[in-house]
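Below: the structure, in structure tokens.
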Amino acid sequence: MQKFIDRRGRVWIVDIDNTTLRRVKALTDVRLLDAIDGDLVTRLSSDPLLLGDVLFAICKPQADQQDVDDESFAEGLAGDSIDEACKALVDALVAYFPESRRRLLRKAADKQKMIETRGLAAIEKRLDDPNLVDRIVEDLERKLAVPTLSDSSSDSPASSESTPDH
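Each residue of the sequence shown is one higher than the last, beginning at 14 in this note's numbering.
Here it is as structure tokens:
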């Protein structure tokens with residue numbers, strides 16, 4: 014069983030079995046079994062709202078015991094707890110499947126994490142570029158520049174002399 018701690022300090026157990034799969038499908042219309050051959054892991058890791066809905070459905074029996082509604086549960090998911098919760102969910106999904114599929118899902122989850130890590134590194138590198146602000150401002154100035162006479166001559170409206178009266 015996997016677990017995560019939300020930002021309010023509550024510990025949530027993420028355990029997946031057939032009953033959990035049915036509950037998640039009924040409450041969220043998400044088929045957790047799509048994780049094996051679809052883009053569900055990517056969607057969950059990139060959409061914290063979807064992740065929160067799915068996690069609440071998984072943890073609903075615990076939430077009911079603690080009188081935690083879906084809104085209060087969602088308030089506990091922010092910051093680092095989102096990453097921790099997503100990892101717990103992926104690990105619980107991997108653990109649910111038999112060994113042959115578990116290996117495939119683990120590989121897919123690892124690849125997704127690698128893509129995410131490298132993508133964030135590429136974005137960070139771009140943001141660290143000391144010339145980035147200058148290039149963006151120059152581009153903006155080009156787009157906002159007042160057109161010169163030669164630029165606007167072909168776009169000028171017809172003179173009133175050549176426009177027939179109605």
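Built from N, CA and C at the ideal position, the CB exists for glycine as well. Keep in mind it's a predicted model, so treat the numbers as computed, not measured.
Look at Phe86 here: in three-state DSSP terms it is helix. Within the DSSP secondary-structure output, Val24 pairs in a beta bridge with Ile18. It is roughly 20 angstroms from the alpha-carbon of Arg44 to the alpha-carbon of Met14. Scanning Trp25, Ser59, Asp66 for the CA closest to the CA of Ala39 turns up Asp66. With three or more CB-CB distances shorter than 8 angstroms, the stretch 86 to 105 counts as touching the stretch 58 to 77.
The Cβ atoms of Leu117 and Ala48 lie no closer than 8 angstroms to each other. A contact between stretches requires three or more CB pairs, one per stretch, nearer than 8 angstroms, and the stretch 76 to 92 meets this requirement with the stretch 17 to 30.
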